[in-house]
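Encoded structure:
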C-alpha cells in the first residue's frame, strides 16, 4: 500500500522582500527593449548614418525636452492644449450624454433620428476644419474647441445609447412591479447600469478630443502644443519639434491612463466586456 | 508501446513550483483500452498531456516504441473534452477530419477516402459538408474521434471526452469507442472521472492517487467482450472492480480535502 | 409594440425629410455666408462629384488611402502575429508601442511635410504609420486570446508551421483582427484628409481647402458631404467583407447561445 501522505503544493519559501525585488526587475527588464532601440538611434544619429535634420539623436531631444520643461515655455503650450481639450470634452459630454440618454430610452426618438446620426457620424471631423476657418477667428481657441467637441460627441453618444439600451428590461420591470416611480428607477437602475459604458465612452472621447485639439493647433494655428510643433518644424528646430511630439504623446498617454484607471474602478463590478482597442 | 519511466512533473521552479506528478512508471500497448481515473483535480490531464508530448516531464522519460518523446509523436492522436474549441469552427466537418492528413498523405483522393471511411465508422457518413457547430455535442465529439481515427494512430488518447455530454449520448459514445478498438485494433488511453465508465470500457484501470499524483492501483479488468451497457453492468465482477476503484478514489478525495504534510 | 411599428417607420423616414426641409428654408432665409442655400450645395455636389472631379480628386485620394491602409494591414498583422506569439517580445515592445500610439497622429504631420515633401509617398507613409497601431494591438489580442485547446489540438496533430499560422492562428484571431481593421479605417480617412489640406496638389481634402480659400462655400460643403458619404461607404465595404469572411463566426456563436 503506497504512502498515503500528501505533499503541500510547492510551498512558498520566498520572503516578501524577494518577491518585491523580482517584480521590480520584471518592470525594469521590460524597458530593456526601449533602451536598446533608443541606443541604436543614438548611434545612428551621431555617426551621421541618419541625417540629423530628420531624426536627431535621442539624447539631443531629451536635453531639449528638459530645457523646455524647466524653462517654462512648454507649460504654457501644454496648458493651452489641455484647455482646448477640456472644453471640447466638456461640451461633448454636456451634449452627448443627455441626447444619448434620450435616444436610448425612447425608441421613437431613436428611430426618428437614426438616419441623421448615421449620416453625420462618418463625416470626419477634420473635414470641418475649413468650415471652422470661416466661422471662427484664426489663432483663437474657439476653432479647435469646435472641432474637438464635434469629434468627441460621436463616440460618447454611441456609448451612451448602448449603455442605456443595455439595461435588461427585466430589471426595469422588476422595479415597476415594486411600484418604484419611474424617475427613481431611472436613477437607481438605468444610471448605474450604463455608467460602465459611459466610462468607456468618455475615455474614447477624451482621446479623440485631444487629437482634434492638437490638429486644430497645427492646422489652424491655435496656440498650444500643436502650434509649437508647427513652428519648430518650419523653423528647422528639429530637436525642439520632436520634444513637443514627445510631450503630445505623453499628454495622450497620461490622459488615457487616467481614464483607463477611472474606467477600471467603475467597471470592477461589471462583467468585463471584451472590446476593440482603439 | 507507450512507456513512462519515473516520470514526474513540477510546474514552475524548484522553490515555488507545484509538484503535479510524483512518480509514474508504467507501460501501455497492444490494443488495450486503459482507463485512467482519479479524484478531481489530482492531475489526470497532466498525465495525459505528458503522454501526448504536450508537456515535458521534469524527470524521467516518456517513450513511444523506444523513442523518447519530446514533442507530440506521430503515433498518437488526441481527443479533447472541449470539442467546441478543438474542432475548428471555420472548417467544415470533412475539412476538420482531413486537416491533420494534409501533411502526411499525398493525394487528395487518398485523403478523401480516409475521411469518408473515418466519418462512416463513427456513424456520421455524409455529414462532411456541415460545419461543426451545426451538429449536436455528441456528433461533434464523434467528428473529433473520426479525426483521430483518420490519422491512423497507434494510440488514441482521450481526455474526458464525454464529460460535457448527457448520459444517453455518453453511453452511445462509450460503445463507439469499444467498436472502434475492435475494428482498428488501436490502443486507447481514456481519462475519465466517471467510475462506471472507467470500468465499463477498460481492459485495465489505472487509479490515480491524490496530488502530487502517482499510480495508486493498476487493476486488470476481466469482463467478457463484447460489452453491453446493461448486461455487463449487471455482472458481479463489474460491481467488485467498481467498488474497489470507488473505495480508493473516495479515500484519495478525503485526503485531498483534509490534507496532510509531507516532504515535497 | 405592433401598432408602434408604423409610427416608428414613418418617423424614421419623415424626420430626415423634415430636417432637410428645415435646413433648406433656414439657409435660404438667413444670410450667413458660411451656410449657403441648400440647393446650391446640391447643385455644386452634382457638378463636382457626379462625375466630373472623380478622376481628378477622388481617385488620387482613394489611392493614397488604399495603399497606406494596406501597408498598415500587412505590417500590423505581421508584427501582431510575431508579438502575439512571444511573450518576451511583447513585454519589450509594450512601452514603445503604447507611447507611439498615444501620440496624436497629426503631430507628425508638419514634420513629414518638411522632411518628405507633399508627394504621395509622404501621405502614404503617415497613413500607414497611424493606422498600424489599432491593427497591431488587436492582432496581438487575437493571437494571445486563442483558446489553449485550439493550440493543443494543432500541436498534438503535429501541424507544421505555415499551416498552423494560416489555417489555425489567423482564422482563430480573425474576429479580433477585423475589429482592428474597422478601428483603423476612420483614422486613415482623417490622415488622408488632413495631409491633403496641409500640402497637396489634388485630392478631396485639397479641394475642400481650396474652395474655402476662394470662398466657393457651396463647393466646400459639397466636399464635406462627399467625405461623409465616402466614410460611410468605406465602413460599409469593410463590414460586408467582415460578414463574408467571418460568416462561420457569427453563425457558430448564434447557435452556441
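Chains as they are written, first to last, in the working numbering: chain A, 1 to 278; chain B, 1001 to 1264; chain C, 2001 to 2257. Backbone N, C-alpha and C fix where the C-beta goes; we use that ideal spot for every residue, glycine too. Keep in mind the model is a prediction, meaning the values are calculated, not measured.
Item to check | Best match in 38(A), 150(A), 93(A), 17(A) for proximity to residue 160(A) [C-alpha to C-alpha] | outcome: Indexing the first chain from 1 puts residue 160(A) at position 160. It is 93(A) whose Cα lies nearest to the Cα of residue 160(A).
Item to check | Contacts that residue 123(A) makes with chain C (C-beta to C-beta distance below 7 Å) | outcome: As a first step, residue 123(A) must be located in the first chain, where it is residue number 123. Correct list: 2224, 2227, 2228, 2231.
Next on the checklist: Tell me the rounded alpha-carbon separation between residue 2118(C) and residue 152(A).
Outcome noted: If you number the third chain from 1, residue 2118(C) lands on position 118. If you number the first chain from 1, residue 152(A) lands on position 152. About 29 Å.
Checklist entry - Taking three-plus beta-carbon pairs below 8 Å as touching, is the region 2234-2245 of chain C in contact with the region 2178-2190 of chain C? => result yes
Checklist entry - For a contact meaning CB atoms closer than 7 Å, what does residue 134(A) contact in chain C? => result Here residue 134(A) refers to the residue found at position 134 when the first chain is read from its first residue. Simply 2034, 2212.
Checklist entry - Between which two residues does the beta strand (DSSP E) containing residue 2215(C) stretch? => result Position 215 of the third chain holds residue 2215(C). Here residue 2215(C) belongs to no beta strand (DSSP E), and DSSP marks it neither H nor E.
Checklist entry - Which of the three DSSP states, helix, strand or coil, is assigned to residue 1013(B)? => result Along the second chain, read from residue 1 onward, the residue named residue 1013(B) stands at position 13. Note: residue 1013(B) maps to coil in three-state DSSP.
Checklist entry - Of the residues 229(A), 204(A), 214(A), 236(A), which one's Cα is nearest the Cα of residue 262(A)? => result Reading the first chain from its first residue, position 262 is the one you call residue 262(A). The option with the nearest alpha carbon to residue 262(A) is 204(A).
Checklist entry - Around the C-beta of residue 1044(B), are 16 or more other C-beta atoms found within 10 angstroms, so that it is buried, or is it exposed? => result Indexing the second chain from 1 puts residue 1044(B) at position 44. Label assigned to residue 1044(B): buried.
Checklist entry - Tell me which same chain residues have a C-beta within less than 8 Å of the C-beta of residue 199(A), skipping the five on either side of it? => result The sequence position of residue 199(A) within the first chain is 199, counting from 1. Counting only residues of its own chain and dropping the five nearest sequence neighbours on each side, residue 199(A) has a CB closer than 8 Å to the CB of 259, 262, 263, 266, 267.
Checklist entry - Can you list, in chain order, the residues of its chain whose CB lies under 7 Å from that of residue 221(A), leaving out five sequence neighbours each side? => result Counting from 1 along the first chain, the entry for residue 221(A) is found at position 221. Contacts found: 138, 139, 227.
Item to check | Nonlocal neighbours in the same chain, by C-beta distance under 6 Å from residue 1196(B), ignoring five residues either side | outcome: The count along the second chain starts at 1 and reaches residue 1196(B) at position 196. Nothing listed; no residue qualifies.
Item to check | Same chain, Cβ closer than 8 Å to residue 1040(B), neighbours up to 5 away in sequence not counted | outcome: The sequence position of residue 1040(B) within the second chain is 40, counting from 1. Around residue 1040(B): 1193, 1253.
Checklist entry - How would you label residue 1014(B), buried or exposed, when you count the other beta carbons within 10 angstroms and need 16 or more for buried? => result Stepping through the second chain from its first residue, residue 1014(B) is reached at position 14. Burial call: exposed.
Next on the checklist: Assuming residue 72(A) and residue 2092(C) are in contact, meaning their beta carbons sit under 8 Å apart, how far apart are those beta carbons, in whole angstroms?
Outcome noted: Taking the first chain and counting its residues from 1, the one referred to as residue 72(A) is at position 72. Taking the third chain and counting its residues from 1, the one referred to as residue 2092(C) is at position 92. Contact flag wrong, Cβ pair sits at about 35 Å.
Next on the checklist: Is the separation between the beta-carbon of residue 1189(B) and that of residue 1145(B) shorter than 9 Å?
Outcome noted: As a position in the second chain, residue 1189(B) is number 189, starting the count at 1. As a position in the second chain, residue 1145(B) is number 145, starting the count at 1. Not in contact: residue 1189(B) and residue 1145(B) (Cβ atoms no closer than 9 Å).
Item to check | Close Cβ partners of residue 80(A) (< 6 Å) along its chain, the five nearest in sequence each way excluded | outcome: Reading the first chain from its first residue, position 80 is the one you call residue 80(A). The residues are 223, 224.
Checklist entry - Is there a Cβ from chain A that is less than 9 Å from the Cβ of residue 2065(C)? => result Along the third chain, read from residue 1 onward, the residue named residue 2065(C) stands at position 65. Taking Cβ atoms only, chain A never reaches closer than 9 Å to residue 2065(C), which makes this a no.
Checklist entry - Looking at the structure shown, is residue 1249(B) part of a helix, part of a strand, or coil, going by DSSP? => result Here the question's residue 1249(B) lines up with position 249 in the second chain. Here residue 1249(B) sits in helix by DSSP.
Item to check | Helix, strand or coil at residue 1157(B) according to DSSP, with G and I counted as helix | outcome: As a working mapping, residue 1157(B) is identified with position 157 in the second chain. Strand, per DSSP.
Item to check | residue 170(A) versus residue 106(A): straight-line alpha-carbon distance, rounded | outcome: Within the first chain, the letter at position 170 stands for residue 170(A). Within the first chain, the letter at position 106 stands for residue 106(A). A straight line joining the alpha-carbon of residue 170(A) with that of residue 106(A) spans about 17 Å.
Next on the checklist: Considering only DSSP beta bridges, list what residue 2090(C) is partnered with.
Outcome noted: Reading the third chain from its first residue, position 90 is the one you call residue 2090(C). Paired residue(s): none; residue 2090(C) is not in a bridge.
Next on the checklist: At the level of alpha carbons, what is the spacing between residue 167(A) and residue 176(A)?
Outcome noted: Here residue 167(A) corresponds to residue number 167 of the first chain, with the count starting at 1. Here residue 176(A) corresponds to residue number 176 of the first chain, with the count starting at 1. C-alpha of residue 167(A) to C-alpha of residue 176(A): approximately 14 Å in a straight line.
Item to check | Distance, residue 2097(C) Cα to residue 252(A) Cα | outcome: The residue labelled residue 252(A) in the question sits at position 252 within the first chain. The residue labelled residue 2097(C) in the question sits at position 97 within the third chain. If you take the alpha carbons of residue 252(A) and residue 2097(C), they lie about 13 Å apart.
Checklist entry - Nearest CA to the CA of residue 1218(B): which residue from 1034(B), 1004(B), 1012(B)? => result The sequence position of residue 1218(B) within the second chain is 218, counting from 1. Selected option, being the one with the closest Cα: 1034(B).
Checklist entry - Roughly how many whole angstroms lie between the Cα atoms of residue 2204(C) and residue 121(A)? => result As a working note, residue 2204(C) is residue 204 in the third chain. As a working note, residue 121(A) is residue 121 in the first chain. If I take the Cα positions, the gap works out to 18 Å.
Checklist entry - In this structure, what does DSSP give as the bridge partners for residue 62(A)? => result Position 62 of the first chain holds residue 62(A). Note: residue 62(A) is not bridge-paired with any residue in the DSSP secondary-structure output.
Next on the checklist: So if DSSP puts residue 1204(B) in a beta bridge, which residue, or which two residues, is it bridged to?
Outcome noted: Locating residue 1204(B) in the second chain gives position 204, where the first residue counts as 1. Paired residues: 1034(B), 1220(B).
Next on the checklist: Any beta carbon of chain A sitting closer than 9 Å to that of residue 2235(C)?
Outcome noted: Within the third chain, residue 2235(C) is the residue found at index 235, counting from 1. At least one CB of chain A lies nearer than 9 Å to the CB of residue 2235(C).
Checklist entry - Going by C-alpha distance, which of 115(A), 127(A), 237(A) is nearest residue 2018(C)? => result The residue you call residue 2018(C) lines up with position 18 of the third chain. Of 115(A), 127(A), 237(A), the residue nearest in Cα terms is 115(A).
Item to check | Within-9 Å CB hit, residue 2148(C) to chain A | outcome: For the purposes of this step, residue 2148(C) is taken as the residue at position 148 of the third chain. Judged by the 9 Å Cβ criterion, residue 2148(C) is not in contact with chain A.
Next on the checklist: Considering Cα atoms alone, identify which of 65(A), 165(A), 126(A) is closest to residue 2191(C).
Outcome noted: For the purposes of this step, residue 2191(C) is taken as residue 191 along the third chain, with counting starting at 1. With distances taken between Cα atoms, residue 2191(C) lies closest to 126(A).
Item to check | 7 Å Cβ cut-off: residues of chain C touching residue 114(A) | outcome: Counting from 1 along the first chain, the entry for residue 114(A) is found at position 114. Those are 2012, listed as they occur along chain C.
Item to check | Anticipated Cβ contact below 8 Å, residue 1143(B) with residue 1178(B), distance rounded | outcome: Counted from its first residue, the second chain places residue 1143(B) at position 143. Counted from its first residue, the second chain places residue 1178(B) at position 178. Incorrect: roughly 19 Å between the Cβ atoms, too far for contact.
Item to check | Selection from 2253(C), 2157(C), 2171(C), 2248(C) that minimises the alpha carbon distance to residue 1130(B) | outcome: Within the second chain, residue 1130(B) is the residue found at index 130, counting from 1. Of 2253(C), 2157(C), 2171(C), 2248(C), the residue nearest in Cα terms is 2248(C).
Checklist entry - Along chain F, in chain order, which residues have C-beta atoms closer than 8 Å to that of residue 2144(C)? => result The structure shown contains no chain F; its protein chains are A, B and C.
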